[in-house]
Amino acid sequence: MDGSKRTKIEAFPAYIWKVMVRVIDESHPKCKMGWLVDGRTRMCKDLDTMSNYIGNDLSLPFGEASKAELETGGLTDIAKICHDVISKVTNWAHFLDLIDWIECQRPGLMFSKVVRVPPLWCLLDEGYKSQWPELKGVRAVTAKQIIEKENPFVKAWIYPEGSFFMALICSKRVLLLTPANDCPNGRVSNSPFVR
624 MDGSKRTKIE
634 AFPAYIWKVM
644 VRVIDESHPK
654 CKMGWLVDGR
664 TRMCKDLDTM
674 SNYIGNDLSL
684 PFGEASKAEL
694 ETGGLTDIAK
704 ICHDVISKVT
714 NWAHFLDLID
724 WIECQRPGLM
734 FSKVVRVPPL
744 WCLLDEGYKS
754 QWPELKGVRA
764 VTAKQIIEKE
774 NPFVKAWIYP
784 EGSFFMALIC
794 SKRVLLLTPA
804 NDCPNGRVSN
814 SPFVR
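Sequential numbering from 624 applies to the sequence shown in my numbering.
This is the structure:
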């Protein structure tokens with residue numbers, strides 16, 4: 624044992640996994656276990672902050688172990704496998720990366736009829752804004768509404784200052800940074816532009 628305590632979310636599935644492996648057919652040399660992790664509580668420190676947002680921010684990590692490993696290993700060993708899998712997705716950076724990935728994969732705005740969304744450089748020629756330096760100092764929620772009204776082809780995201788972002792280019796995203804202790808209701812501290 625490495626001396627660290629395990630959470631209930633790690634210990635209980637370890638027990639279930641250990642019991643479940645007894646009924647698995649010999650033709651299945653490996654066994655998987657999955658955990659549903661809610662990202663809403665990991666996005667902002669204040670748990671009530673995300674309560675007004677609609678939608679899910681979920682991740683489903685899977686652990687895999689051999690049947691022999693689960694049969695012969697102790698609960699401590701199996702709980703460590705659970706811990707290793709869960710700890711990869713129970714952090715803020717994972718959910719920011721997940722949101723960025725989803726935002727860049729979605730097909731675009733949904734309308735009641737099919738509308739082709741032109742590339743960003745065409746939108747700039749059409750008169751849609753790509754920068755909002757005048758919104759620095761404005762409340763982030765208000766700035767988000769203004770940006771999405773002035774350019775309906777982009778989506779504004781509110782993050783606390785000091786957030787880590789992968790170098791992912793997504794020409795439909797505008798980042799609004801606010802003080803970490805007042806996210807998302809604080810004032811915008813950066814000059815927003817389309818990334």
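Positions of the beta carbon are idealized from the N, C-alpha and C atoms, including for glycine. In this text, all values refer to a predicted model and were calculated from it rather than measured experimentally.
Going straight from the alpha carbon of K703 to that of I709, what length do you get? Reading the sequence shown from its first residue, position 80 is the one you call residue 703. Reading the sequence shown from its first residue, position 86 is the one you call residue 709. About 10 Å.
Using the three-state DSSP reduction, which class does S682 fall into: helix, strand or coil? Locating residue 682 in the sequence shown gives position 59, where the first residue counts as 1. Note: S682 maps to strand in three-state DSSP.
Three or more C-beta pairs closer than 8 Å, one from the segment 764 to 778 and one from the segment 794 to 810: is that the case here? yes
Looking at C654: is its Cβ nearer than 8 Å to the Cβ of A688? Sequence index remark: in the sequence shown, residue 654 carries index 31 (1-based). Sequence index remark: in the sequence shown, residue 688 carries index 65 (1-based). Going by C-beta atoms, C654 is nearer than 8 Å to A688.
Provide the residue span of the beta strand (DSSP E) that contains A779, from first to last. Here the question's residue 779 lines up with position 156 in the sequence shown. Looking at the DSSP string, the run of the beta strand (DSSP E) that includes A779 is K778 to P783.
Excluding the 5 residues preceding and the 5 following L659 in the sequence, name in chain order all residues of the same chain whose CB lies nearer than 7 Å to its CB. To locate residue 659, count along the sequence shown from 1; it is residue 36. So the qualifying residues of the chain are L681 and L683.
Starting from the Cα of D648, find the closest Cα among E694, C705, F718 and P636 and give me that residue. Locating residue 648 in the sequence shown gives position 25, counting from the first residue. The shortest C-alpha separation from D648 is found at E694.
Tell me, to the nearest whole angstrom, how far the beta carbon of K759 is from that of N813; I am working on the premise that it is less than 8 Å. For the purposes of this step, residue 759 is taken as residue 136 along the sequence shown, with counting starting at 1. For the purposes of this step, residue 813 is taken as residue 190 along the sequence shown, with counting starting at 1. Yes, K759 and N813 are in contact; Cβ-Cβ is about 7 Å, under 8 Å.
Which residues bound the alpha helix (DSSP H) around C705? As a working note, residue 705 is residue 82 in the sequence shown. Taken as a continuous stretch (DSSP letters only), the alpha helix (DSSP H) holding C705 covers L698 to S710.
Under 8 Å, do L698 and Y638 count as touching if we go by C-beta distance? Position 75 of the sequence shown, counted from the first residue, corresponds to residue 698. Position 15 of the sequence shown, counted from the first residue, corresponds to residue 638. In contact: L698 and Y638 (Cβ atoms closer than 8 Å).
Would you mind working out which of V646, N774 and W715 sits nearest G662, comparing C-alpha positions? Taking the sequence shown and counting its residues from 1, one reaches residue 662 at position 39. When only C-alpha atoms are compared, the closest one is W715.
Within a Cβ cutoff of 6 Å, which residues of the same chain sit near N774, ignoring the five residues on either side of it in sequence? Looking up residue 774 in the sequence shown gives position 151. Excluding positions up to five away in sequence, the list reads Y751 and K752.
Any idea what DSSP makes of L800, helix, strand or coil? The residue given as residue 800 occupies position 177 in the sequence shown. L800 falls in the strand class under three-state DSSP.
Can you round the beta-carbon distance between C705 and P652 to whole angstroms, since I take them to be within the 8 Å contact cut? As a working note, residue 705 is residue 82 in the sequence shown. As a working note, residue 652 is residue 29 in the sequence shown. Not really, about 20 Å apart at Cβ, beyond 8 Å.
What does DSSP give as the partner residue(s) for F816 in the beta ladder? Residue 816 sits at position 193 when you count from the first residue of the sequence shown. Q754, per the DSSP bridge assignment.
Taking the CB atoms as reference points, tell me whether A828 and V811 lie closer together than 8 Å. No answer is possible for residue 828: it lies beyond the span of the chain, which begins at 624 and ends at 818.
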